[in-house]
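Okay, so here's the structure we're looking at.
There are 2 protein chains.
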Amino acid sequence: MTQTADVSDLVGFTPYNIVELPLSVSTADEYLTIHWDNGQSSDFHYLWLRDNCTCAECVSTLTREQMFEICDVPLDIKAKSATITNQNRLSVQWDFESHQSLYHPGWLKAHCYSEEAREQRKILPKIWDKQLISQQLPVHAFSKIMQQDADLLTWLRDLRDYGITLVTAVDTTGSALKSVAERIAFIRETNFGTLFEVKAKPNANSTAYTTLRLPLHTDLPTRELQPGLQFLHCLVNDASGGESILVDGFKIAEHMRQHHPDDFKALSTLSMSFYNKDKDSDYRFKGPALVTDSSGAVVEVRLANFLRGPLDIPADQVTSLYSAYRRFMQLTREARFQYFHRLNAGDLLVFDNRRVLHARNAFDLKQGERHLQGCYVDRDELLSRIRVLERSCKLGE
Amino acid sequence: MTQTADVSDLVGFTPYNIVELPLSVSTADEYLTIHWDNGQSSDFHYLWLRDNCTCAECVSTLTREQMFEICDVPLDIKAKSATITNQNRLSVQWDFESHQSLYHPGWLKAHCYSEEAREQRKILPKIWDKQLISQQLPVHAFSKIMQQDADLLTWLRDLRDYGITLVTAVDTTGSALKSVAERIAFIRETNFGTLFEVKAKPNANSTAYTTLRLPLHTDLPTRELQPGLQFLHCLVNDASGGESILVDGFKIAEHMRQHHPDDFKALSTLSMSFYNKDKDSDYRFKGPALVTDSSGAVVEVRLANFLRGPLDIPADQVTSLYSAYRRFMQLTREARFQYFHRLNAGDLLVFDNRRVLHARNAFDLKQGERHLQGCYVDRDELLSRIRVLERSCKLGE
Chain A
1 MTQTADVSDL
11 VGFTPYNIVE
21 LPLSVSTADE
31 YLTIHWDNGQ
41 SSDFHYLWLR
51 DNCTCAECVS
61 TLTREQMFEI
71 CDVPLDIKAK
81 SATITNQNRL
91 SVQWDFESHQ
101 SLYHPGWLKA
111 HCYSEEAREQ
121 RKILPKIWDK
131 QLISQQLPVH
141 AFSKIMQQDA
151 DLLTWLRDLR
161 DYGITLVTAV
171 DTTGSALKSV
181 AERIAFIRET
191 NFGTLFEVKA
201 KPNANSTAYT
211 TLRLPLHTDL
221 PTRELQPGLQ
231 FLHCLVNDAS
241 GGESILVDGF
251 KIAEHMRQHH
261 PDDFKALSTL
271 SMSFYNKDKD
281 SDYRFKGPAL
291 VTDSSGAVVE
301 VRLANFLRGP
311 LDIPADQVTS
321 LYSAYRRFMQ
331 LTREARFQYF
341 HRLNAGDLLV
351 FDNRRVLHAR
361 NAFDLKQGER
371 HLQGCYVDRD
381 ELLSRIRVLE
391 RSCKLGE
Chain B
1 MTQTADVSDL
11 VGFTPYNIVE
21 LPLSVSTADE
31 YLTIHWDNGQ
41 SSDFHYLWLR
51 DNCTCAECVS
61 TLTREQMFEI
71 CDVPLDIKAK
81 SATITNQNRL
91 SVQWDFESHQ
101 SLYHPGWLKA
111 HCYSEEAREQ
121 RKILPKIWDK
131 QLISQQLPVH
141 AFSKIMQQDA
151 DLLTWLRDLR
161 DYGITLVTAV
171 DTTGSALKSV
181 AERIAFIRET
191 NFGTLFEVKA
201 KPNANSTAYT
211 TLRLPLHTDL
221 PTRELQPGLQ
231 FLHCLVNDAS
241 GGESILVDGF
251 KIAEHMRQHH
261 PDDFKALSTL
271 SMSFYNKDKD
281 SDYRFKGPAL
291 VTDSSGAVVE
301 VRLANFLRGP
311 LDIPADQVTS
321 LYSAYRRFMQ
331 LTREARFQYF
341 HRLNAGDLLV
351 FDNRRVLHAR
361 NAFDLKQGER
371 HLQGCYVDRD
381 ELLSRIRVLE
391 RSCKLGE
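In structure tokens form, the structure reads like this:
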């Protein structure tokens with residue numbers, strides 16, 4: 001059965017639908033078990049439950065932040081009694097300070113931490129190569145994502161999952177780029193400013209600001225947190241050349257893991273050096289080109305040939321890392337991995353800068369001007385906006 | 001001997017002094033060895049040297065960024081000859097494409113990657129407890145750090161090493177906080193804005209904006225990159241209570257590593273959950289409370305009781321993590337670790353938000369107002385500014 005959530009008993013702003021009903025609860029030494037009407041069950045530790053009590057004494061009704069501290073109850077706190085109420089809530093009477101807690105069944109099910117439930121909650125990236133992206137490239141119309149929250153949400157989920165999207169018919173006369181970015185949140189400022197103008201400049205402090213070819217790279221690998229989303233809005237493109245090339249770094253990483261495991265290991269464990277020196281700044285960062293999470297999945301790519309500094313790793317690993325880095329760069333040059341696109345005025349490429357490498361061919365200004373405008377928004381802001389938009393979707397379900 | 005660097009042959013903006021002279025060079029299969037006049041020697045792999053060639057063909061003279069790509073030469077590239085020139089440069093003639101490279105001896109010595117040289121380059125934090133910080137708290141005068149670059153550099157090195165500093169006599173009438181922060185770089189924007197006003201507000205969306213006690217915490221553990229430096233500038237403090245308490249999280253972590261190794265392991269490997277939900281944002285992050293680097297050193301602390309979400313880890317580890325978290329929080333409450341300070345108007349506390357936990361006691365507005373202004377600047381910007389300031393120091397040496 002599905003029942004619209006009773007928002008009033010929730011601490012946060014996210015509503016929870018009741019999809020399964022709790023039938024009964026049984027208790028063990030360190031945890032209790034809820035038995036759901038679909039035959040599944042969920043274990044919840046007493047400490048975990050006590051920690052997540054949402055009563056007005058434990059959570060500020062003003063800020064919705066927790067006031068209670070879990071170190072103020074005994075480590076072996078237990079339920080004196082645990083029951084399912086007529087309103088399908090889990091009610092727990094604690095054996096310490098006579099405290100009582102009430103839990104919403106939709107919230108409990110959504111936060112079940114069984115191995116199966118945790119696996120189901122994972123959102124996996126849709127990894128692509130030339131063939132896949134040529135069929136599935138997510139294309140969104142500027143007017144729709146600006147006006148409709150449902151379209152905005154679809155676009156942002158595509159960005160999260162594919163790491164690349166093309167927004168079309170973006171106004172080139174005003175401040176459209178800023179407006180699009182601010183549909184998500186504020187813009188991430190860097191030493192290149194908030195909005196940056198990608199065109200050939202007389203005193204270029206970056207290869208981006210010349211007419212030269214840029215090999216496949218992520219932006220600002222010199223920063224501890226590389227910018228999450230990169231926006232590149234084409235205002236004018238009358239120059240010859242300058243085509244954009246994008247490659248899913250996760251695809252190359254998976255290819256390496258499968259076919260060149262030693263190179264994969266080197267790139268995911270040994271630190272590259274990234275330097276960006278200018279008159280008034282001197283950014284440096286050392287870290288692996290492939291960042292993996294605790295499960296071994298690649299969650300980030302960090303690479304820009306023209307922003308590398310001298311390797312600073314143990315001497316006996318220098319050759320391994322060079323060998324692996326060369327392999328990665330050679331793979332990025334293969335057409336089977338590349339999405340190739342010549343930006344037209346009004347096109348806006350938005351991509352995950354910590355996953356998708358981008359490049360451009362050299363261009364020649366004899367035929368006309370080339371002018372892109374760019375900015376960054378971080379991954380935190382993308383995911384936050386998706387969650388907020390999903391709140392109203394859930395309410396409407 | 002010390003000789004002022006010849007800046008003209010350097011790619012970057014950092015000058016390198018010649019401290020040791022290269023006496024001779026010998027070659028092996030994969031690397032060459034420079035023998036210095038102090039008896040030391042440095043090995044440099046051919047790939048590494050070729051990669052770091054600074055000639056105008058390899059590095060753009062305009063942007064000072066590398067154009068050459070190391071995957072365009074053979075993996076087994078070798079020096080056909082390697083010599084020390086009359087100007088004490090290392091000169092290498094390559095066995096591929098007749099390329100020739102020249103290296104500055106100061107730059108080579110500074111980038112030697114022998115185990116010993118790498119160890120010597122490490123900058124270790126000065127870890128403190130109540131006793132140490134009561135004697136060594138770095139105090140800096142507002143007027144000095146604003147006017148003198150040498151004082152600015154001393155302040156920033158203190159911030160980097162101690163993770164805490166007090167700036168005194170900061171003007172409370174204008175926009176002094178912004179001016180101080182911008183002595184480093186631009187301010188990091190968050191969903192709380194660029195400058196935030198810490199005072200009791202009617203519709204508080206954070207416990208910070210109430211009169212309530214705040215337990216020891218880092219700010220915004222809900223973000224993938226917690227803000228690096230936190231600035232808290234006291235404009236008015238006529239309320240009773242509201243004293244500030246700061247604790248070096250690295251000290252607590254080291255104490256746990258030594259006395260409670262299982263708790264240390266749990267906190268440094270199991271993910272905590274951090275949630276910050278508001279009407280228009282919904283930030284969440286999962287990660288360990290203690291972040292360690294590849295050598296096992298603690299490099300970051302991430303903790304705020306009032307911003308925690310439900311633990312989402314394997315069921316058989318829930319008790320371990322709660323036990324460890326409780327231990328950590330109990331330790332932060334011990335006076336022997338705490339720096340205690342009542343902020344006066346004009347005081348500006350600046351501290352490493354990813355290392356030093358801060359708290360404040362509840363306050364009562366019957367006696368008068370309490371108003372702090374705050375902002376964040378990231379660690380990348382701090383380190384960049386230190387490097388830029390050190391360039392001119394080196395030139396003056």
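Residue numbers (my numbering), protein chains in the order written: chain A, 1 to 397; chain B, 1 to 397. Built from N, CA and C at the ideal position, the CB exists for glycine as well. Treat the numbers as computed from the prediction; the structure is a model and nothing was measured.
Between the C-alpha atoms of E182/B and D37/A there is a straight-line separation of about 59 Å. Contact between D280/A and V388/B holds: their C-beta atoms lie close to 6 Å from each other, under 8 Å. Taking a C-beta distance under 8 Å as the contact criterion, L372/A and V139/A do not qualify as a contact pair.
Annotation for K144/A: D151 place their beta carbon closer than 7 Å to its own, counting only its chain and skipping 5 residues before and after.
For H259/B, no chain A residue has a C-beta closer than 9 Å to its own C-beta; the minimum C-beta separation is roughly 17 Å. Identification of residues in the region 58-82 of chain B having a C-beta nearer than 8 Å to some C-beta of chain A yields S60, L62, T63, R64, E65, Q66, M67, E69, I70, C71 and L75, given in sequence order. The residue among I133/B, F285/B and A208/B with its C-alpha nearest the C-alpha of L270/B is F285/B. Per DSSP, reduced to three states, the secondary structure at I34/B is strand. Residue pairing of K286/A in beta bridges, as defined by DSSP: S273/A.
The region 343-356 of chain B makes contact with the region 222-231 of chain B; the number of CB pairs closer than 8 Å reaches 3 or more. DSSP places L349/B within a strand segment (E or B) once states are collapsed to three. L307/A sits away from E69/B, with the two beta carbons spaced by 8 Å or more. Selection P15/B, V73/B and A82/B evaluated against V25/B yields A82/B as nearest (Cα-Cα). One Cα belongs to P288/A, the other to K251/A, and the distance between them is close to 17 Å. In this structure, the beta-carbon distance from P15/A to I34/A does not fall below 8 Å. Not one beta carbon of chain A lies nearer than 8 Å to the beta carbon of K109/B. Contacts between R89/A and chain B, judged by CB atoms closer than 9 Å, are missing: the closest CB pair is about 17 Å apart.
Where K130/B is concerned, the enclosing alpha helix (DSSP H) starts and stops at K130 to Q136. Contact between L137/A and L102/A fails: their C-beta atoms lie close to 48 Å from each other, not under 8 Å.
The region 296-306 of chain B makes no contact with the region 91-101 of chain B, as fewer than three CB pairs between them are under 8 Å. As for any beta strand (DSSP E) of minimum length 3 sitting wholly inside the region 298-380 of chain B, the runs are 298-301, 338-341, 348-352, 356-360 and 370-377, ordered along the chain. In the DSSP secondary-structure assignment, D248/B is bridged to V356/B. Around L382/A, no beta-carbon contact reaches into chain B at under 7 Å, the shortest distance being about 11 Å. Interface annotation for the region 23-48 of chain B against chain A: E30, D43, H45, L47 and W48, criterion Cβ-Cβ distance under 7 Å. Listed along chain A, no residue sits closer than 7 Å to F337/B by beta-carbon distance, the nearest being about 15 Å off. Residues of the region 168-189 of chain A with a C-beta less than 9 Å from any C-beta of chain B: A185, F186, I187, R188 and E189, listed in chain order. Within 7 Å of the CB of R223/A, the CB atoms of chain B belong to D380, in sequence order along the chain.
Neighbours of I313/B in chain A, taken as residues at a C-beta separation under 9 Å, are given in chain order as Y113 and R118. Rounded to whole angstroms, S41/A and A56/A show a C-alpha spacing of 28 Å. Annotation: Cβ neighbours of Y283/A in chain B (cutoff 7 Å, chain order): D380 and S384. Nearest to G309/A by C-alpha distance, out of P227/A, T211/A, A315/A and Y275/A, is Y275/A. When 8 Å is used as the limit between beta carbons, D280/A is near these residues of chain B: V388, in chain order.
In this structure Q226/A is buried. Its beta-carbon is surrounded by 16 or more other beta-carbon atoms within 10 angstroms.
Close CB contacts of R213/A within its chain, under the 6 Å cut and outside five residues either way in sequence, are with N361 and A362 (chain order).
At a C-beta separation below 7 Å, S392/B has no neighbours in chain A, since its nearest C-beta there lies roughly 12 Å away. At a Cβ-Cβ threshold of 8 Å, L267/B and Y322/B do not count as neighbours.
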